[in-house]
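Residue numbers (the numbering used here): 147 to 600. The C-beta atom is built at its ideal place from N, Cα and C for all residues, glycine as well. Predicted model only: the values in this text are computed from it and were never measured. Inspection log for the structure reproduced underneath, given as structure tokens.
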Amino acid sequence: MKYLLPFLLVACSYEMPSQPVLGYEFNDAACSDTVDNDQDGLIDCEDPDCLLASTHCGEQVPVLPDGRPETGLLCRDQIDNDDNGQFDCGDPACREQMENCCVLEFTNETCSDGMDNDQNGFADCEDFACRMGLFVTVCFEGDADTCRDGLDNDGDGDVDCDDSSCARDASCSSACVGLPSGSEDSIERCTDGCDNDGNGYADCRDRSCSQSQDPEVVAACTPDQGPEETLARCSDGFDNDDNGYVDCNDFGCSRSRNEAILAYCAERMENTLERCADGIDNDGNGYIDCNDFGCSRSDDQAIVSMCAERVEDSVETCSDGEDNDQDGYVDCDDFSCSQSENDEVAALCGGDPEATFEACSDGIDNDGNGYTDCADYSCRDAEDPSARQACQESVFRPGTFPAPSPQDIGWANAYCEDGLDNDGDGYIDCADWDCSWNPLVTICQGPRVCEERE
Numbered sequence: 147m148k149y150l151l152p153f154l155l156v157a158c159s160y161e162m163p164s165q166p167v168l169g170y171e172f173n174d175a176a177c178s179d180t181v182d183n184d185q186d187g188l189i190d191c192e193d194p195d196c197l198l199a200s201t202h203c204g205e206q207v208p209v210l211p212d213g214r215p216e217t218g219l220l221c222r223d224q225i226d227n228d229d230n231g232q233f234d235c236g237d238p239a240c241r242e243q244m245e246n247c248c249v250l251e252f253t254n255e256t257c258s259d260g261m262d263n264d265q266n267g268f269a270d271c272e273d274f275a276c277r278m279g280l281f282v283t284v285c286f287e288g289d290a291d292t293c294r295d296g297l298d299n300d301g302d303g304d305v306d307c308d309d310s311s312c313a314r315d316a317s318c319s320s321a322c323v324g325l326p327s328g329s330e331d332s333i334e335r336c337t338d339g340c341d342n343d344g345n346g347y348a349d350c351r352d353r354s355c356s357q358s359q360d361p362e363v364v365a366a367c368t369p370d371q372g373p374e375e376t377l378a379r380c381s382d383g384f385d386n387d388d389n390g391y392v393d394c395n396d397f398g399c400s401r402s403r404n405e406a407i408l409a410y411c412a413e414r415m416e417n418t419l420e421r422c423a424d425g426i427d428n429d430g431n432g433y434i435d436c437n438d439f440g441c442s443r444s445d446d447q448a449i450v451s452m453c454a455e456r457v458e459d460s461v462e463t464c465s466d467g468e469d470n471d472q473d474g475y476v477d478c479d480d481f482s483c484s485q486s487e488n489d490e491v492a493a494l495c496g497g498d499p500e501a502t503f504e505a506c507s508d509g510i511d512n513d514g515n516g517y518t519d520c521a522d523y524s525c526r527d528a529e530d531p532s533a534r535q536a537c538q539e540s541v542f543r544p545g546t547f548p549a550p551s552p553q554d555i556g557w558a559n560a561y562c563e564d565g566l567d568n569d570g571d572g573y574i575d576c577a578d579w580d581c582s583w584n585p586l587v588t589i590c591q592g593p594r595v596c597e598e599r600e
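What follows is the structure, given as structure tokens:
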């Protein structure tokens with residue numbers, strides 16, 4: 147037994163090797179053997195180690211570059227075909243088309259494994275390809291389900307109600323956090339200000355309350371018409387006097403001479419450092435934190451300084467896919483971008499939108515954000531199916547099939563076996579990336595596009 151003790155101690159203090167057991171991919175032999183020698187998920191010339199250490203993977207310079215656009219096989223020939231200073235997957239033109247296999251982080255698995263699979267410096271949901279991935283669902287946080295599950299779904303370091311993406315979810319009201327979910331059909335749950343059933347509607351905005359058969363609930367959901375000058379009318383969530391202002395946003399409440407009403411409204415004003423940074427619309431006027439004039443135009447210099455650091459009003463912050471000011475709106479969906487007085491930002495957000503079939507297939511960067519057609523996520527993820535059809539083979543096309551339900555896979559399969567290049571990208575049916583990876587498509591068997599890259 148005494149001879150085993152040292153081995154047991156060694157086993158208990160085992161540390162993960164700091165370097166790959168088989169060594170790095172650092173020479174021509176290791177960079178041309180079709181083996182992932184260092185087990186980092188990247189094979190041969192896909193691995194940045196090979197680009198740095200092997201002559202096999204460097205750029206090949208032909209005598210006379212022909213200026214052809216980088217696409218298809220030209221994205222794997224080690225030649226700067228379009229003579230723009232970038233070759234293969236280092237060229238944005240190659241990364242724009244998923245079939246070129248330059249983007250390797252695009253599934254729920256690769257976007258939640260804690261690894262930087264494509265070694266671009268960003269792992270999982272920090273990678274734009276994950277956050278905006280066509281079939282990635284693990285990087286979204288903003289609905290009743292993802293704001294209550296205890297997970298950092300979008301990988302930004304904030305969980306559930308601490309995430310600004312959940313700021314507009316009723317379940318993240320300070321009074322609602324931690325409450326058990328359930329039906330929203332009792333007088334208690336129809337008046338607590340919470341989205342108890344997680345359908346996105348709280349209290350009387352939920353039909354289970356507003357159309358309830360319970361007389362007490364119906365009464366609670368029927369506004370008490372009259373001047374907004376009592377504590378009851380200043381705290382019921384209704385525009386009782388029909389002047390367009392609700393509760394403490396109505397001067398009848400906020401400038402009342404009633405001390406109880408003033409105290410109630412003071413607790414809900416968005417005018418302290420804490421309330422201007424909590425991701426909650428405390429005063430219920432539709433503006434959160436620094437987007438509320440109560441914060442951005444505060445007399446408190448600490449609040450003004452904090453808001454200055456969170457601004458989303460430059461070309462960079464209005465096109466980076468981040469909610470920089472943490473108000474729940476990203477880039478041009480944020481008024482600070484879309485209504486900016488900066489000419490460059492105004493052009494970015496107010497130019498011809500890249501969200502129609504025509505704009506997504508004309509070869510022009512219509513919105514001036516540096517991405518053309520299907521390289522722009524506003525095309526690939528457009529809400530309008532007719533715009534997405536320019537970028538997806540398996541997308542639903544109005545007028546050809548009945549509108550699909552989530553369970554209906556017939557339409558997706560039909561587009562992926564019709565022998566047509568529906569999205570005009572040069573790839574047909576199962577050879578098209580989105581047919582190969584769309585969860586609704588069941589007819590594409592065998593290795594999927596980019597699964598066998600060598």
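Taking residue i as the reference, give the member of the options with the closest Cα.
i	options	result
C576	N173, D569, P585, E563	E563
D571	E490, E251, R526	R526
I426	C464, D308, R277	D308
C247	L219, S258, S532	L219
C422	G432, S442, S532	S442
Q265	C464, E405, L188, E500	L188
E362	E375, G372, S332	S332
G288	G279, V305, D396	V305
Apart from the five residues on each side of it in sequence, which residues of its chain come closer than 7 Å, Cβ to Cβ, to residue i?
i	result
R456	C436, N470, D471, Q472
N559	V587, T588, I589
Y410	L377, C380, S381
T292	F286, N299
Among residues of its own chain, excluding the 5 on either side of residue i, which ones have a beta-carbon nearer than 8 Å to its beta-carbon?
i	result
P585	F281
A378	D370
Helix, strand or coil for residue i, going by three-state DSSP, please let me know.
i	result
R353	helix
V249	coil
S486	coil
Q447	helix
A348	coil
E598	coil
M139	Only positions 147 to 600 of the chain appear in the structure, and residue 139 is not among them; the question remains open.
R421	coil
G514	coil
Y475	coil
C506	coil
M452	helix
C336	coil
G440	helix
M244	helix
C495	helix
Can you tell me the Cα-Cα spacing of residue i and residue j, whole angstroms?
i	j	result
D522	D262	22 Å
C394	E416	11 Å
F384	S402	17 Å
V181	E597	14 Å
C506	S451	40 Å
D445	F233	54 Å
V491	N230	27 Å
N515	C235	20 Å
A620	V476	Residue 620 is absent from the model: the chain starts at 147 and stops at 600.
P163	D195	Low per-residue confidence applies at P163: pLDDT is 49, beneath 50, and the placement is therefore not dependable, though the value from the model is reported in the following sentence. If I take the Cα positions, the gap works out to 18 Å.
G440	R241	44 Å
V364	V392	20 Å
T418	Q447	11 Å
C191	E458	38 Å
F481	S460	12 Å
Q591	Y561	15 Å
S465	D513	11 Å
L297	D429	28 Å
P593	A239	25 Å
C203	N227	16 Å
T463	I407	40 Å
N431	D519	37 Å
F252	G344	28 Å
D237	Q538	22 Å
Hey, quick one: how far does the alpha helix (DSSP H) through residue i stretch, first residue to last?
i	result
N559	556–561
V363	361–366
L566	No alpha helix (DSSP H) contains L566, which DSSP labels as neither H nor E.
R277	274–277
L408	405–412
G398	397–400
Excluding five sequence neighbours on each side, which residues of the same chain lie with their C-beta closer than 6 Å to the C-beta of residue i?
i	result
R534	A528, V541
I574	D567
S524	E500, A501
A275	V249, E251, F252
C495	C478, C483, S484
S662	Residue coverage of the chain in this structure runs from 147 to 600, which leaves residue 662 outside it and unanswerable.
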